[in-house]
Each structure stands twice: as structure tokens, then as C-alpha cells.
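Enquirer:
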Amino acid sequence: LMAKSQIFTCSACGASHSKWSGRCDACGEWNSIVEEAPLSTGPGKKALGGLKGRQVPLLELNTPEAPPPRSQSGLDELDRVLGGGLVPASATLVGGDPGIGKSTLLLQAAARFAGAGLSCIYVSGEEASAQVRMRAQRLGLGDAAVRLAAETNLRDILTTLDTERPDLVIIDSIQTMWTDTVEAAPGSVSQVRSAAHELVTFAKRRGCSVILVGHVTKEGQIAGPRVVEHMVDTVLYFEGERGHQFRILRAVKNRFGPADEIGVFEMTGGGLTEVANPSALFLSDREARAPGAVVFSGIEGTRPVLVEFQALVAPSPTPQARRTVVGWDSSRLAMILAVLEARCGIPFVGLDVYLNVAGGMRVSEPAADLAVAAALLSAREDAALPSDMVVFGEISLSGALRPVSQTENRLKEAQKLGFSQAALPDRSSGSAPTGFGTRPVKDLATFVGEMFGA
Ligand code: TYD
Ligand code: MG
């Protein structure tokens with residue numbers, strides 16, 4: 003017999019630990035570990051019951067290859083991030099900071115899905131029905147055929163769902179739900195997990211799609227959305243910058259579509275509106291010919307998106323020079339600085355380096371390497387690149403440029419936005435649109451020589 007041990011759980015990532023500590027070594031978060039009641043081994047065990055002792059040929063388990071039928075909301079920015087619409091009986095998590103606009107997005111989505119013929123229930127555990135209805139009215143959705151419920155007791159919610167049998171249920175938020183089968187406070191890791199587990203199980207069994215809203219929290223007592231990420235099919239995060247009106251819905255996991263797709267919205271007085279051309283939005287504040295600013299022609303999911311990299315390079319007042327990055331990977335920046343130094347003889351020693359993606363976008367493509375290098379050089383030399391030029395290409399440790407995917411799409415998007423030339427790897431495939439100039443570059447040293455005469 004095993005002694006019943008205490009369980010300590012990280013409320014940020016859900017990792018279990020045998021003892022308390024100030025920092026979770028699974029995710030690195032501080033003050034996030036809390037003591038939790040052990041999870042019941044409830045419904046999970048029974049699932050295998052029917053198959054126990056019987057052999058199931060694997061072929062029999064195969065599902066047909068046909069793609070699942072999806073429902074479109076008509077909000078293209080949302081449908082695309084979902085992988086082409088909402089899949090029946092799917093479980094989706096929408097995470098994000100408080101106040102970013104999750105409830106607004108999902109109320110609008112519910113209204114659209116209802117308009118497309120789905121029966122929808124929106125369950126709010128945060129606001130009274132009257133409040134939700136007022137918000138709906140303010141959004142011009144007063145007549146939408148969405149049923150509203152203000153409830154936090156999971157047992158009651160499941161009973162309602164079982165009689166109503168909706169096509170889609172939205173739970174806003176999962177942290178407010180509680181079930182009496184778990185002896186822990188609402189919002190704790192075990193409550194959030196078991197509520198999510200029951201809702202996802204319901205979705206699969208009853209063929210109802212469920213969307214869970216999860217707040218990103220900073221307090222250790224409330225579980226963050228990450229603790230349910232592994233239970234759902236699709237994980238979306240709704241992001242935005244303070245002081246910016248636009249919001250990015252980003253797929254970070256999707257069993258039914260590409261995991262790097264983004265949808266772009268703008269928060270207005272009348273709710274969220276779709277931004278069909280994000281490149282124009284991200285470049286809207288651009289100054290002509292600013293040293294340190296370089297436009298990168300990127301691909302986000304299935305769509306080209308232009309963004310501006312901005313670099314500032316200045317003598318460091320301290321012996322330890324700063325490297326500050328927003329919107330790009332800091333270890334990738336370190337690599338590019340090292341390649342510039344080792345392969346092109348351009349040192350950044352004693353210089354502070356700040357790198358930023360304009361407008362709060364986050365870029366993760368290695369295809370941005372050359373644009374980052376160009377921004378750093380442009381800032382260091384105080385020399386602007388031609389204002390009609392976009393830049394892309396991956397840099398290898400040897401300093402060689404590697405071609406990247408979707409060259410033609412990147413060039414077409416650049417031309418659409420008024421650019422007329424691109425610096426790109428010389429082995430790129432595909433051809434440039436008519437009237438668009440290319441400057442194929444073999445390696446970083448050649449690029450430095452051509453653009454900055456170094
Ligand atoms: P909300 O959807 O409540 O955020 P979340 O559910 O993620 O906490 O939206 C919060 C903010 O959005 C709020 O500060 C006001 C703003 N907002 C608008 O600017 N326009 C609108 O039409 C609505 C409904 C909200
Ligand atoms: Mg909300």
C-alpha cells in the first residue's frame with residue numbers, strides 16, 4: 003500500500019511536484035506552486051471497460067479519411083485560425099489576459115455561429131445574464147439566437163446541456179466553474195482540470211462543440227489556462243499590446259489545422275472587427291527611411307504578413323551590454339550577432355542592442371534572420387535601407403543564406419503593399435511578380451558589402 007502523499011501542483015503549467023518550492027522547475031514560474039487535493043480517478047477508469055479483454059483489430063478503429071464537416075462563423079479571421087471552421091464535438095481553449103477581449107470575441111462568435119444555424123449556449127460564470135445581454139445589445143447582437151446562462155455549478159450546466167443538446171457551448175470562464183466531486187476551491191488546479199475534463203468528455207459523447215475561455219493569471223491560487231491545454235483539441239491565445247487597438251488570435255495547438263495560424267482583429271467601440279489586411283495595419287505607423295527599420299515579408303500560417311523590425315544600437319554605459327528583444331527570439335538574436343561578428347567582422351561588443359517588432363507582433367520564423375541582421379546593421383551604421391525594400395532569408399552559422407518557403411507569396415504581398423524590391427537568398431525558388439526587383443544574396447558578408455559598403 004502506498005502512503006497517501008500530498009500533492010503540490012503548479013497553477014501555471016499544471017506540473018505535479020512531491021514538495022513545495024518557490025519556483026516550478028517545469029515552467030520556471032515563481033510562486034505558482036500550491037497544495038492541491040489529489041485528483042479523483044473517477045470517470046477515466048471506466049472508459050476502457052467495454053473493451054476490456056476483447057481484442058480490437060487496429061484497422062477497425064480507423065476512421066474514414068474524409069475531413070470532418072465544419073461550421074463557418076463567417077468571421078474569416080476566426081474560421082481560418084480554427085483550421086477552416088468549427089469541428090463538431092471539438093474542444094477548444096481560448097486563453098488570454100484579463101480584459102483583452104475574450105468575452106467580446108466569443109459573444110460575437112456565438113452570434114455568428116447561431117446565424118449560421120448552430121444552436122448555441124453561452125454560459126457566463128463571470129457576469130450576470132443581464133450584463134451579458136447588455137453587452138450583446140451594445141455589440142448590435144441583441145437579436146442573436148444565442149441562449150445565455152449565468153452559472154458556475156458544473157452539475158447544473160451539464161444537466162442543462164443534456165436536455166438542450168446545443169451544437170456549441172461557450173464556457174466563460176473555465177476558472178469560475180466548480181464541481182462538488184472535487185474538494186477544492188473554484189479556480190484551483192484540480193477544480194479547473196476536472197471541470198474541463200467533464201466538459202470535454204461531454205463534448206465528445208454528445209457531439210457538442212465546447213469552447214473554454216481561460217484567463218492568464220498571475221496569482222498562484224488561480225489555475226492558468228495551460229493546465230487544460232493537453233485536454234483540448236485546439237488551443238488559441240488572444241493577444242494584444244497595451245495601447246494598441248488590434249488583437250491577434252493565435253493557434254498554438256490544433257488537431258484540425260495548422261498550428262501557426264493567426265487571425266487579426268481590431269477592438270472598436272462596437273466590438274471586434276476583422277482586419278483582412280494585417281500587413282497594412284502593422285506598417286501603418288512606418289516612417290520613411292528610418293535607420294534601424296527593416297520590413298520583413300513573413301508568413302503566418304497560410305498567409306503572408308509584412309512587419310517592421312526596428313533596431314537601436316548604442317554605446318553601452320555599463321560593462322555588461324544590454325540585449326533587449328520584443329517580438330522575436332532572444333537566443334536567435336544572439337546567434338545573428340555572433341554570425342555578424344565571426345563571418346563579417348562586425349563586432350557589437352560594448353554596444354547595447356534593442357530589437358523590436360513594430361505593432362506588438364511576435365515573429366518566430368527563421369526566415370526573418372536576414373531582416374533582423376539588416377535592422378541591426380542599419381542601426382549600427384545609421385544608414386537606412388531603401389524604403390521600397392523588403393528583406394527575408396534564413397542565416398546559417400556559416401553566414402550562408404538559406405532559401406525559405408513561399409518566396410512568391412512573400413513577394414506578391416510586398417508588391418501589393420507598394421514595395422518594389424526584395425533582398426533574398428540567391429537560391430530562392432519561384433519568380434518575382436512583373437515589375438518587382440530582386441537582389442539575390444549568397445551570404446551575409448555579401449549582403450553587408452552591397453547594402454552598407456562594409
Ligand atoms: P472583454 O471581452 O470583457 O475581455 P475579457 O473577456 O478578455 O476579460 O473586453 C474587455 C475590454 O474590451 C474592456 O476593457 C472594454 C473593451 N471593449 C471595447 O473596447 N469595445 C467593445 O465593444 C467591448 C464589448 C469591449
Ligand atoms: Mg471576460
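Letter 338 of the sequence shown, counting from 1, is numbered 340 in this note's numbering, and no numbers are missing. Where a beta carbon is used, it is the ideal one built from N, C-alpha and C, also for glycine.
1. Is the closest heavy atom of ligand 2 to the C-beta of D174 under 7 Å?
2. Just reading off the beta strand (DSSP E) that V374 is part of, what are its end residues?
3. Take E289 and list the residues in its own chain whose beta-carbon comes closer than 8 Å to its own, dropping the five residues that flank it on each side.
4. At a threshold of 7 Å, does S131 count as lining ligand 3 (C-beta to nearest heavy atom)?
5. DSSP puts F298 in a beta bridge; with which residues?
6. Are the beta-carbon atoms belonging to T178 and L156 less than 8 Å from one another?
7. For D145, name the three-state secondary structure that DSSP assigns.
8. Buried or exposed for K444, please, with buried defined as at least 16 other CB atoms from any protein chain shown within 10 angstroms of its CB.
9. Just confirm the distance between the C-beta atoms of V184 and S192, as a whole number of angstroms; I'd bet it's less than 8 Å.
10. Which of helix, strand or coil does DSSP assign to G44?
11. Spatial neighbours of K255 within its chain, please: CB distance less than 7 Å, with the 5 preceding and 5 following residues excluded, ordered by chain position.
12. Should the region 425-443 be called in touch with the region 322-340, which here means at least 3 C-beta pairs below 8 Å?
13. State yes or no: is the C-beta of I102 nearer than 7 Å to some heavy atom of ligand 1?
14. How many Å lie between G24 and V36 at the Cα?
15. If I'm right that A1 touches G300 with Cβ under 8 Å, what's the distance once you round it to whole angstroms?
16. Is DSSP giving K21 helix, strand or coil here?
17. I need the straight-line Cα distance from P442 to T154, nearest angstrom please.
18. Quick check on DSSP: helix, strand or coil for G437?
19. According to DSSP, is P317 part of a helix, a strand, or is it coil?
20. Just to confirm, are V297 and V393 a CB contact at a threshold of 8 Å?
21. Let's test the definition: count the other Cβ atoms within 10 Å of the Cβ of I250 and tell me whether it reaches 16, buried, or not, exposed.
22. Which residues share a DSSP beta bridge with H217?
23. By DSSP, does I123 sit in helix, in strand, or in coil?
24. Report yes if the C-beta of S128 is less than 7 Å from at least one heavy atom of ligand 2; otherwise report no.
25. Roughly how many angstroms lie between the CA atoms of D81 and N33, to the nearest whole one?
26. Closer than 7 Å: is that where the CB of S105 sits relative to any heavy atom of ligand 2?
27. So A253 is in the beta strand (DSSP E); what residue range does that whole segment cover?
28. Taking just the CA atoms, how far does E200 sit from A49?
Expert: According to the structure shown:
1. One-based indexing of the sequence shown puts residue 174 at position 172. At least one heavy atom of ligand 2 is nearer than 7 Å to the Cβ of D174, so yes.
2. Here residue 374 refers to the residue found at position 372 of the sequence shown. Segment D371 to E383 is the alpha helix (DSSP H) holding V374; no beta strand (DSSP E) there.
3. On the sequence shown, residue 289 is found 287 positions in, with the first residue counted as 1. If we look at E289 and ignore the five residues flanking it on each side, its Cβ neighbours are A295.
4. Ligands present in the displayed structure are limited to ligand 1 and ligand 2, and ligand 3 is not among them.
5. Position 296 of the sequence shown holds residue 298. Its beta-bridge partners are V309 and V393.
6. Here residue 178 is taken as the residue at index 176 of the sequence shown, counted from 1. Here residue 156 is taken as the residue at index 154 of the sequence shown, counted from 1. For T178 and L156, no; Cβs fall outside 8 Å.
7. Locating residue 145 in the sequence shown gives position 143, where the first residue counts as 1. It is coil, neither helix nor strand.
8. Here residue 444 refers to the residue found at position 442 when the sequence shown is read from its first residue. The residue is exposed, with fewer than 16 neighbouring Cβ atoms inside 10 Å.
9. Position 182 of the sequence shown, counted from the first residue, corresponds to residue 184. Position 190 of the sequence shown, counted from the first residue, corresponds to residue 192. Rounded, the Cβ-Cβ distance is 5 Å, consistent with contact.
10. Counting from 1 along the sequence shown, the entry for residue 44 is found at position 42. Here the model assigns G44 a pLDDT of 48, short of 50, so the residue's position is not dependable, and the following value carries that caveat. It is helical.
11. Locating residue 255 in the sequence shown gives position 253, counting from the first residue. So the list reads E231, T236, V237 and A261, once near-sequence residues are dropped.
12. Taking one beta carbon from each stretch, the region 425-443 and the region 322-340 have fewer than 3 pairs nearer than 8 Å; the two do not touch.
13. For this step, residue 102 is matched to residue 100 along the sequence shown. Yes - ligand 1 has a heavy atom lying nearer than 7 Å to the Cβ of I102.
14. On the sequence shown, position 22 is the one that residue 24 refers to. On the sequence shown, position 34 is the one that residue 36 refers to. The alpha-carbon atoms of G24 and V36 are separated by roughly 10 Å.
15. The requested residue 1 does not occur in the structure, where the chain is confined to residues 3 to 456.
16. Locating residue 21 in the sequence shown gives position 19, where the first residue counts as 1. In the displayed model, K21 falls within coil according to three-state DSSP, outside both helix and strand.
17. Here residue 442 is taken as the residue at index 440 of the sequence shown, counted from 1. Here residue 154 is taken as the residue at index 152 of the sequence shown, counted from 1. Distance between the alpha carbons of P442 and T154 is about 59 Å.
18. One-based indexing of the sequence shown puts residue 437 at position 435. Coil at G437, not helix or strand.
19. Here residue 317 corresponds to residue number 315 of the sequence shown, with the count starting at 1. Reduced to three states, the DSSP call for P317 is strand.
20. For the purposes of this step, residue 297 is identified with residue 295 of the sequence shown, where counting begins at 1. For the purposes of this step, residue 393 is identified with residue 391 of the sequence shown, where counting begins at 1. Contact flag set, yes.
21. The count along the sequence shown starts at 1 and reaches residue 250 at position 248. It counts as buried.
22. Residue 217 sits at position 215 when you count from the first residue of the sequence shown. Looking at the DSSP assignment, H217 forms a beta bridge with G98.
23. Taking the sequence shown and counting its residues from 1, the one referred to as residue 123 is at position 121. In the structure shown, I123 falls within a strand segment according to DSSP collapsed to helix, strand and coil.
24. What you label residue 128 is simply residue 126 of the sequence shown in a count that begins at 1. The question names Ser, but residue 128 is Glu in the sequence shown. Yes.
25. Residue numbering aside, residue 81 sits at position 79 when the sequence shown is read from its first letter. Residue numbering aside, residue 33 sits at position 31 when the sequence shown is read from its first letter. Each residue's alpha carbon lies about 37 Å from the other.
26. For this step, residue 105 is matched to residue 103 along the sequence shown. Checking every heavy atom of ligand 2 against the Cβ of S105, one is found closer than 7 Å.
27. Numbered from its first residue, the sequence shown carries residue 253 at position 251. Here the beta strand (DSSP E) through A253 covers F248 to N256.
28. Position 47 of the sequence shown, counted from the first residue, corresponds to residue 49. Position 198 of the sequence shown, counted from the first residue, corresponds to residue 200. Because A49 carries a pLDDT of 48, less than 50, the predicted location of this residue cannot be relied on, and the following value inherits that uncertainty. Going from the Cα of A49 to the Cα of E200 covers about 13 Å.
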